[in-house]
Amino acid sequence: MSERLSELAGKAALITGGGSGIGAACARELAARGAKVTVADVDEAAAKEVAEEIRGLAWAVDLLDVRALEDLRLDVDILVNNAGVQSINPIEDFEPEKFRTLLALMVEAPFLLVRAVLPHMYEAGFGRIVNISSVHGLRASEYKVAYVTAKHGLEGLSKVTALEGGPRGVTSNCVNPGYVRTPLVTRQIADQARTHGIDEQEVLSKILLTESAIKRLVEPEEVAALVGWLASPAAGMVTGASYTMDGGWSAR
Ligand code: NAD
Numbered sequence: 113m114s115e116r117l118s119e120l121a122g123k124a125a126l127i128t129g130g131g132s133g134i135g136a137a138c139a140r141e142l143a144a145r146g147a148k149v150t151v152a153d154v155d156e157a158a159a160k161e162v163a164e165e166i167r168g169l170a171w172a173v174d175l176l177d178v179r180a181l182e183d184l185r186l187d188v189d190i191l192v193n194n195a196g197v198q199s200i201n202p203i204e205d206f207e208p209e210k211f212r213t214l215l216a217l218m219v220e221a222p223f224l225l226v227r228a229v230l231p232h233m234y235e236a237g238f239g240r241i242v243n244i245s246s247v248h249g250l251r252a253s254e255y256k257v258a259y260v261t262a263k264h265g266l267e268g269l270s271k272v273t274a275l276e277g278g279p280r281g282v283t284s285n286c287v288n289p290g291y292v293r294t295p296l297v298t299r300q301i302a303d304q305a306r307t308h309g310i311d312e313q314e315v316l317s318k319i320l321l322t323e324s325a326i327k328r329l330v331e332p333e334e335v336a337a338l339v340g341w342l343a344s345p346a347a348g349m350v351t352g353a354s355y356t357m358d359g360g361w362s363a364r
């Protein structure tokens, strides 16, 4: 086995939202680096399909059922908090229940999962937590109040985890992509077209990529490569960081 193929051998990884998009790409990347990967997703069929492909395990779970996560203890060495959804509306029309849902999925569930894995990580003296944030964890956009609020919250969770976990061998970092070619973005392009009354091609050129110096979508595999590196031994001194992959958006 090459060094890279075996560097995560013996490590158990858990990826939320691993049935699609960035999560599925992360599942493939960590499996390729030797980890035993559990694909957690509310979409059971998708979780099983990815798990089968990488000889991992599937966990059908609705992470919105946050109470069920409160007493969990998980023997996981690498946690990737990835599951997320988007919802677009001006604040005055934004449904309060929708706001709560996004916060529950993208802040509360990650907190409860971090809480569930830390005892094992502390006992092992090793752990890697990677939170899939967004450029919207660092910058705002109109009409995305719950998403931007949730991702900024996730940044805080990640940094506190880094401070508490550092002395005990656990790192915690955020990855902050710009727009990635996944179903979440395809759905968003359609939503934005409706909200702004323009066609989908214009959404890409005039709205999504206006701030990006590189005028293309990020590929899920590019995000996964960064997550794989953050999970690797080479990134042992990287913690409390937020790594942008946004084609230069946040350089402005
Ligand atoms: P996606 O829609 O392709 O995949 C999300 C996955 O999460 C799906 O498999 C879905 O079933 C799962 N999921 C949704 N709700 C769930 C729940 N309640 N319980 C368990 N699983 C649930 O999305 P993606 O684009 O791959 O996004 C993944 C992450 O990356 C999200 O946190 C998103 O905010 C972030 N992100 C995406 C982009 C982008 O442009 N696509 C950019 C920056 C950050």
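The working numbering numbers the first residue of the sequence shown as 113 and each following residue consecutively.
Ideal placement from N, C-alpha and C gives every residue a C-beta, glycine not left out.
Considering only their Cβ atoms, is the gap separating residue j from residue i smaller than 9 Å?
i	j	result
Leu-217	Gly-196	yes
Gly-237	Gly-281	yes
Asn-288	Ile-241	no
Asp-155	Trp-171	no
Gly-135	Glu-161	no
Val-192	Cys-138	yes
Gly-168	Tyr-234	no
Thr-213	Ala-158	no
Leu-175	Leu-184	no
Gly-340	Ala-144	yes
Pro-202	Glu-254	yes
Glu-314	Ala-302	no
Leu-186	Leu-126	yes
Near residue i, what residues of its chain come up, given a Cβ to Cβ distance below 8 Å and the 5 sequence neighbours on each side ignored?
i	result
Gly-146	Met-113, Leu-117, Ser-118, Glu-119, Leu-120, Ala-121, Gly-122 and Lys-123
Gly-133	Val-292, Thr-294, Pro-295, Leu-296 and Pro-332
Gly-55	Residue 55 lies beyond the stretch modelled for the chain, which goes from 113 to 364, so this question has no answer here.
Ser-270	Ile-241, Asn-243, Ser-245, Ser-284, Asn-285, Cys-286, Gly-352 and Ser-354
Val-178	Ala-216, Glu-220, Ala-221 and Leu-224
With distance defined between alpha-carbon atoms, name the residue in the options nearest to residue i.
i	options	result
Ser-324	Asn-193, Val-247 and Phe-206	Val-247
Gly-352	Asp-303, Arg-306, Thr-273 and Gly-340	Thr-273
Glu-220	Thr-261, Ala-159 and Glu-204	Thr-261
Glu-365	Lys-256, Val-339 and Arg-179	Missing from the structure shown is residue 365; the chain here goes from 113 to 364 and no further.
Gln-198	Ile-166, Ala-336, Val-335 and Thr-298	Thr-298
Ala-347	Asn-194, Glu-209, Ile-190 and Leu-316	Ile-190
Asn-194	Lys-210, Val-335 and Pro-345	Val-335
Lys-263	Glu-312, Phe-211 and Phe-206	Phe-211
Tell me whether residue i is buried or exposed, calling it buried when 16 or more other Cβ atoms sit within 10 Å of its Cβ.
i	result
Leu-275	exposed
Met-349	exposed
Lys-318	exposed
Gly-268	exposed
Gly-129	buried
Gln-300	buried
Pro-231	exposed
Glu-141	buried
Ile-61	Residue 61 lies beyond the residue range present for the chain, which begins at 113 and ends at 364; the question has no answer from this structure.
Thr-150	buried
Pro-279	exposed
Please list, in chain order, all residues of the same chain as residue i whose beta carbon is under 7 Å from its beta carbon, the five residues on each side excluded.
i	result
Ser-362	Val-247, Leu-250, Arg-251 and Thr-356
Arg-364	Glu-323
Thr-307	Ile-200 and Tyr-255
Leu-338	Val-287, Tyr-355 and Met-357
Tell me which residues share the same chain as residue i and place their Cβ nearer than 6 Å to its Cβ, disregarding the 5 neighbours each side in the sequence.
i	result
Gly-316	Note on residue identity: the sequence assigns Leu, not Gly, to residue 316. Counting only Cβ-Cβ distances below 6 Å, and skipping sequence neighbours, we find nothing.
Ser-344	Glu-119
Val-229	Leu-186, Val-188 and Leu-191
Report task. Would you list, in sequence order, the uninterrupted alpha helix (DSSP H) runs of no fewer than 4 residues that lie entirely inside the stretch 266–308? Result -> Within the stretch 266–308, the runs of alpha helix (DSSP H) that reach at least 4 residues and sit entirely inside it are, in chain order, 295–308.
**Report entry** Unbroken stretches of the alpha helix (DSSP H), 4 residues or longer, contained in the stretch 182–247
**Finding:** 208–215 and 221–236
Report task. Could you tell me which uninterrupted alpha helix (DSSP H) segments, each at least 4 residues in length, are contained entirely in the stretch 307–364, listed from first to last along the chain? Result -> 332–343
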